[in-house]
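Chains as they are written, first to last, in our numbering: chain A, 1 to 142; chain B, 143 to 686; chain C, 687 to 784. We treat Cβ as the ideally placed atom computed from N, Cα and C, and that holds for glycine.
The following block contains the structure:
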């Protein structure tokens with residue numbers, strides 16, 4: 001279990017530890033689940049209402065499937081905590097954030113100042129990714 | 143052409159700052175090489191055989207003269223006085239120092255240029271038709287759509303760590319000058335029966351070790367759904383593309399393994415969901431971009447006459463120039479393939495000269511072609527002789543476009559750390575063997591492409607004659623392929639048989655050319671003859 | 687013999703381990719025996735070199751000759767631009783590569 005180093009939510013940390021997707025489907029009361037890169041985030045969609053925490057695992061930061069998992073969950077209306085867990089690197093933090101992650105538990109703690117600079121890096125963005133930020137084209141066309 | 147606004151400028155400026163910070167962390171030990179490598183690659187910085195190499199993006203191959211001048215100046219200031227134009231319309235420098243790279247990038251940003259996503263497992267520079275906006279046969283200028291895609295794909299957070307690299311090309315004419323169907327996504331702008339412009343999507347083409355021609359998955363995507371449709375194509379790939387084996391990770395393998403129909407079904411399903419997310423820029427954004435690609439102020443009534451009394455000039459016009467959509471104008475290609483030269487290389491002085499000629503005679507515009515040449519897209523016919531004279535004095539007037547001397551070659555083992563054999567010396571020797579203008583004219587169109595390894599950066603699968611360098615027990619060996627093409631009639635070349643050493647491959651190319659000259663019917667190109675008579679006569683001449 | 691090559695981290699220049707330092711001349715390359723991995727680990731950690739690796743080589747009357755053409759090209763420079771190589775004045779230098 002790695003610690004949450006950055007969190008962009010005001011609510012309490014979820015109490016229950018995240019279970020694997022397989023055991024989540026076997027339990028009727030679990031409120032936290034962890035999804036691995038090869039697992040289909042859409043399988044969780046019927047249960048979003050009761051989920052408080054979804055951990056998305058990054059065994060290697062260069063495996064980008066978790067970014068799509070995050071967007072699929074947010075696009076389907078998930079509002080609970082979406083936590084990136086594993087091999088997280090400073091240079092991808094803002095991109096993770098843009099895809100809907102609001103908590104970060106890197107397996108090796110990240111330099112705080114460098115990470116903060118990374119979160120704040122991009123004043124403007126080209127795309128709509130569901131994070132609520134207005135893309136550059138929207139600014140151009142008011 | 144496209145002009146950055148404050149937002150575009152800010153994006154490249156922030157990127158320079160970010161990369162400067164990454165280099166600092168690498169040099170102070172915060173980042174190991176394993177951590178740094180994917181980050182530097184996302185910014186086009188490789189570690190090659192002799193040094194770092196930086197690949198600078200030339201979006202859809204279009205440059206203005208100020209940008210071209212800076213490319214020449216960078217070659218002098220940060221490299222060893224030359225640059226190499228690539229098969230994806232970019233330019234790369236071979237002798238870059240890591241510690242100087244941030245300053246180099248800042249100079250590029252000063253002229254609206256960058257190296258963003260020119261390598262790495264992300265969406266690469268968008269390529270296009272080098273004659274865009276000038277070609278007589280295009281239905282619309284494809285570059286505004288490519289620019290829309292450039293912005294969408296720049297730092298797209300979901301698609302920066304794809305299974306493998308991802309290349310997109312956009313064209314807008316039936317004649318494909320960009321090898322569109324050999325891209326991960328090939329987009330052809332078309333007009334439908336109702337007269338509307340839209341995009342035809344071909345997905346899953348590519349070269350590399352498993353060459354494939356991309357199948358069409360949608361014949362018409364309306365312009366106000368273009369980005370959303372691309373996003374759906376990418377998301378299905380990001381989620382399901384193979385990550386267990388890097389040699390099977392390109393989208394062509396996914397499309398092949400799922401089958402075109404199943405891949406298409408998944409894309410359409412994702413597309414329907416994404417349509418509800420409001421991710422598509424408004425058409426007003428496309429209109430804003432299009433306005434910047436308006437035609438230059440062509441002179442009406444410019445003379446169509448060309449004085450061809452100088453035979454060298456005449457040959458060059460016949461070989462290297464193409465019809466312009468505007469009367470009185472012509473498209474001129476500068477071949478970077480002098481006899482015995484290094485395909486795609488240009489000295490800093492040559493780069494600056496081409497910049498100046500473009501400023502004076504081509505409405506400030508140049509293009510880089512995937513065949514590693516430079517185009518002046520809009521030359522007044524009345525100025526063409528002056529342009530040619532200046533090129534001739536600089537060693538840039540080789541008249542061999544699409545001929546056997548106009549060879550595409552990857553850098554090969556002279557520069558590349560992945561290569562198994564050298565490509566450039568083979569290209570040099572072949573171009574010398576066929577050096578005479580008469581010999582080249584006799585042979586006509588013959589596209590010869592050389593790769594120094596199976597990754598196929600030299601497009602050998604798509605050459606009328608292709609050459610693939612391999613390592614046979616530490617010795618360079620070259621396989622010969624025949625019958626590839628990358629035009630509207632895209633096909634993949636077939637290996638003739640056992641490979642050759644360096645002397646042998648040069649002789650084999652000559653043998654193949656002689657079979658063609660012997661067997662051809664009137665008006666047939668090499669490729670036509672090959673398709674008619676097949677491999678057997680060539681094999682017989684090569685191996686018996 | 688076993689020799690080490692890599693690139694200087696800051697400049698990217700090709701270098702060879704001479705027993706004490708990194709040299710740009712292959713003829714300075716030292717036989718590292720079975721200590722190659724340890725030297726590479728130490729030197730990379732110290733950020734003096736990047737992408738270092740061990741190759742086979744042999745010493746003959748002309749100096750050290752790496753066993754594979756790839757490292758011989760690294761040692762000399764691009765054979766198509768001998769003016770940029772380490773032996774710009776030697777017209778026969780590129781023959782050494784083959």
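Item: Given this structure, state the Cα-to-Cα distance separating residue 290 (chain B) from residue 319 (chain B), to the nearest angstrom.; Value: 20 Å
Item: Count Cβ pairs between the stretch 661–678 of chain B and the stretch 587–598 of chain B that sit closer than 8 Å; are there 3 or more?; Value: yes
Item: State the start and end residues of the unbroken alpha helix (DSSP H) segment that holds residue 567 (chain B).; Value: 566–575
Item: Beta-carbon separation of residue 509 (chain B) and residue 204 (chain B) under 8 Å?; Value: yes
Item: As a quick exercise: from C:777, C:779, C:764, pick the residue whose alpha carbon is nearest that of residue 565 (chain B).; Value: C:764
Item: Excluding the 5 residues preceding and the 5 following residue 150 (chain B) in the sequence, name in chain order all residues of the same chain whose CB lies nearer than 8 Å to its CB.; Value: 254, 293
Item: Measuring only between beta-carbons, confirm whether residue 143 (chain A) sits less than 8 Å from chain B.; Value: It is not possible to answer for residue 143 (chain A), since the shown part of chain A is limited to 1 through 142.
Item: What does residue 133 (chain A) touch in chain B if you count any residue whose Cβ is under 8 Å from its own?; Value: Chain B residues near residue 133 (chain A): none, gap ~11 Å exceeds 8 Å.
Item: Using only the alpha-carbon positions, how far apart do residue 392 (chain B) and residue 305 (chain B) sit?; Value: 7 Å
Item: When the distance is taken between beta carbons, is residue 193 (chain B) closer than 8 Å to residue 236 (chain B)?; Value: yes
Item: Should residue 2 (chain A) be flagged as near chain B, meaning a C-beta pair shorter than 8 Å?; Value: no
Item: What separation, rounded to the nearest whole angstrom, lies between the Cα atoms of residue 738 (chain C) and residue 719 (chain C)?; Value: 15 Å
Item: Run through the stretch 273–316 of chain B for me and flag every whole alpha helix (DSSP H) of 4 or more residues, listed as ranges in chain order.; Value: 285–295
Item: List the residues of chain A that residue 149 (chain B) touches, going by C-beta distances under 8 Å, in chain order.; Value: 124, 136, 139, 140
Item: Would you mind telling me which residues of chain A sit closer than 9 Å to residue 421 (chain B), beta carbon to beta carbon, in chain order?; Value: 127, 128, 129, 130, 135
Item: Mind checking which residues open and close the alpha helix (DSSP H) that includes residue 155 (chain B)?; Value: 148–169
Item: What ranges does the alpha helix (DSSP H) occupy inside the stretch 71–137 of chain A, keeping only unbroken runs of at least 4 residues that lie completely in it?; Value: 93–98, 112–119
Item: Using Cβ-Cβ distances below 9 Å, what residues of the stretch 160–175 of chain B are close to chain C?; Value: 168, 169, 170, 171, 174, 175
Item: In chain order, what residues of the stretch 294–319 of chain B put their CB closer than 9 Å to some CB of chain A?; Value: 294, 295, 296, 297, 298, 299, 300, 301, 302, 303, 304, 305
Item: Who are the Cβ neighbours of residue 30 (chain A) in its own chain at under 7 Å, not counting the five residues just before and after it?; Value: 16, 19, 24
Item: Which same chain residues end up closer than 7 Å to residue 168 (chain B) when comparing Cβ atoms and leaving out the 5 residues on each side of it in sequence?; Value: 178
Item: At the 8 Å Cβ level, is residue 34 (chain A) part of the contact set with chain B, yes or no?; Value: no
Item: With distances taken from CA atoms, which of B:263, B:286, B:188 is nearest residue 429 (chain B)?; Value: B:286
Item: From the beta carbon of residue 106 (chain B), is the nearest beta carbon of chain A less than 8 Å away?; Value: This structure gives no information on residue 106 (chain B), because the portion of chain B shown stretches from 143 to 686.
Item: Using the beta-carbon count (16 or more within 10 Å), is residue 325 (chain B) buried or exposed?; Value: buried
Item: Hey, residue 270 (chain B) and residue 336 (chain B): beta-carbon distance below 8 Å or not?; Value: no
Item: When we look at the beta-carbon of residue 442 (chain B) and count the other beta-carbons within 10 Å, is it buried (16 or more) or exposed?; Value: exposed
Item: When you compare only the Cα positions, how much space is there between residue 690 (chain C) and residue 190 (chain B)?; Value: 17 Å
Item: Using 8 Å as the threshold, is the C-beta distance between residue 466 (chain B) and residue 251 (chain B) below it?; Value: no
Item: I want to see whether chain B comes within less than 8 Å of residue 64 (chain A), judged by CB atoms only; does it?; Value: yes
Item: Residues in the stretch 65–86 of chain A with C-beta within 7 Å of chain B's C-beta atoms, listed in sequence order?; Value: 65, 67, 68, 71, 75
Item: Can you name the start and end residues of the alpha helix (DSSP H) that residue 214 (chain B) belongs to?; Value: 207–220
Item: Could you please tell me which residues of the stretch 195–209 of chain B, in chain order, have their CB closer than 9 Å to any CB of chain A?; Value: none
Item: Going by CA-CA distance only, name the one from A:52, A:5, A:66 that's closest to residue 58 (chain A).; Value: A:66
Item: What residues of chain A sit near residue 365 (chain B), judged by a beta carbon separation below 7 Å?; Value: Here the premise fails: no neighbours, minimum Cβ distance about 14 Å.
Item: Can you pull the chain B neighbours of residue 120 (chain A), defined as C-beta to C-beta under 8 Å?; Value: In chain order: nothing, as chain B lies at least about 10 Å away.
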